[in-house]
Amino acid sequence: MGWMGDHMPRILEIKPEGIYCPAGGFYIDPRGKVNQAVITHAHSDHARSGHESYLCSDSCLSLLRIRLGESQKIESIPFGKEIKIGSAKVSLHPAGHILGSAQVRVEVGGEVWVVSGDYKPQADQTCEAFELVPCHGFISECTFGLPVYRWIEEQKVHQQVNEWWQKNASEGRPSLLFAYSLGKAQRILSGLKSGIGPVFAHGAVHPFLEHYEKAGVHFPEVKKLERGQEDDLSKSIIIAPPAVEDSTWTRKIRNCRRAFASGWMSIRGAKRRRNLDQGFILSDHADWDGLLQVIKGTGAEEIFLTHGNGDALARYLQEEGRNASVLTGAIMRGEEEE
């Protein structure tokens with residue numbers, strides 16, 4: 014058991030199951046089974062099955078039901094609406110990570126802490142824009158917490174993808190682009206140029222599309238790639254999750270060019286190690302500059318870093334005179350949904 018800081022009111026506590034609020038009796042993105050879970054977003058490393066009840070943002074609800082099933086007890090609230098859970102005031106605020114992603118603001122006795130979940134302040138047409146939330150304490154992800162990680166504008170990445178697809182199509186070759194099924198795939202699809210060729214999505218991507226469209230996100234016509242269609246994809250682009258990168262399904266798509274969209278593509282050698290023809294640097298997380306912008310913007314007196322390169326970022330913030338440290342152990346995630 015570890016408190017967020019002995020000189021601060023005990024608003025949040027670390028337990029083996031995850032971040033716990035004693036005043037409200039709830040956990041945030043717990044990894045172990047609990048009675049009440051507040052979920053930041055619908056990625057599987059944050060939204061796990063088996064809890065008694067769930068709370069999420071309104072626009073996360075339908076995505077969470079796909080992830081967890083219809084039988085789960087899930088309640089939702091609009092962004093910015095404050096509710097009481099026990100003696101804690103709780104509200105959810107856009108995190109800009111994927112559709113429905115939220116930061117969790119917790120207030121007890123006038124003290125305010127924010128748990129960021131995954132976030133990015135960079136513009137993204139497929140989800141709600143990040144909201145800066147002032148607080149006394151900030152628990153921030155730092156997946157890309159090194160100065161080497163600096164993103165280019167999303168529109169430039171879309172242009173790169175379309176030019177790559179166009180070139181492949183002109184050679185009669187399919188374009189197979191790996192992107193995480195929830196969030197990243199929708200960003201890629203929303204930026205595809207019409208008229209180059211057919212657009213297909215893997216079965217893991219397709220179920221989420223209608224919920225994005227209901228939220229006002231526009232896609233070209235996207236077909237689900239069915240068995241037996243793999244032989245006639247010469248000008249097509251196919252969006253598929255990295256989990257099928259080396260699968261039988263992928264090997265049936267012959268003569269294709271392969272690419273991956275991720276912040277990890279900024280690492281030298283990443284493309285070669287994955288046997289890719291192209292890497293697109295597109296992340297649903299904050300880059301180095303984005304992390305600094307948000308952390309400083311909150312005005313937090315105490316900062317805890319988790320999920321990534323925390324040591325380097327903590328040292329940088331400490332050298333600036335900020336009270337920053339790395340939160341380890343109890344809330345480390347499973348598979349990274351970058």
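Here the sequence shown stands for residues 14 to 351, numbered as in the working numbering. The beta carbon of each residue, even a glycine, is placed where N, CA and C say it ideally should be.
For Asn48 and Ile87, I'd like the C-alpha separation in whole angstroms. 12 Å
Grouping DSSP H, G and I as helix and E and B as strand, with all else coil, what is Val212? Here Val212 carries a strand assignment [DSSP, helix/strand/coil].
For Thr319, which of helix, strand or coil comes out of DSSP? strand
Which one of Gly292, Gly123, Ala327, Asp290 has the shortest CA to CA distance from Leu305? Ala327
Okay, do the region 135-152 and the region 313-321 touch, 3+ Cβ pairs below 8 Å being the bar? yes
Considering only the beta carbon of each residue, do Ala360 and Thr53 sit closer than 7 Å? Missing from the structure shown is residue 360; the chain here goes from 14 to 351 and no further.
Delimiting residues of the alpha helix (DSSP H) encompassing Cys73: 71-81
Beta-carbon spacing of Gly154, Asp131 below 7 Å: Residue 154 is actually Glu in this sequence, not Gly. Using a Cβ distance threshold of 7 Å, Glu154 and Asp131 count as a contacting pair.
Inter-residue spacing [alpha-carbon to alpha-carbon] between Glu144 and Pro107: Glu144 and Pro107 have their alpha carbons spaced roughly 5 Å apart.
With distances taken from CA atoms, which of Ile209, Leu330, Phe191, Ile280 is nearest Ile201? Phe191
Of the residues Leu295, Ser296, Ala299, Cys269, which one's Cα is nearest the Cα of Asn288? Cys269
Are the CB atoms of Cys34 and Ala55 within a distance shorter than 7 Å? no
What is the rounded straight-line gap between the Cα of Leu238 and the Cα of Val257? Taking the straight line joining both Cα atoms gives about 13 Å.
Tell me, please, whether the CB atom of Pro233 is closer than 7 Å to any CB atom in chain D? This model lacks chain D altogether, as it is built from one protein chain only.
Suppose you measure from the CA of Gly31 to the CA of His64; what does that come to, to the nearest Å? 13 Å
Helix, strand or coil, according to DSSP, for Phe221 in the structure here? helix
Measure the C-alpha to C-alpha separation of Tyr225 and Gln173 and round it to an integer number of angstroms. 23 Å
Do the CB positions of Gly37 and Gly99 come within less than 7 Å of each other? Between Gly37 and Gly99, the CB-CB gap stays under 7 Å.
Alpha carbon to alpha carbon, how far is Glu176 from Ala272? Give it in angstroms, no decimals. Cα to Cα, Ala272 sits roughly 13 Å from Glu176.
Within 10 Å of its beta-carbon, does Asp300 have 16 or more other beta-carbons around it, so buried, or fewer, so exposed? buried
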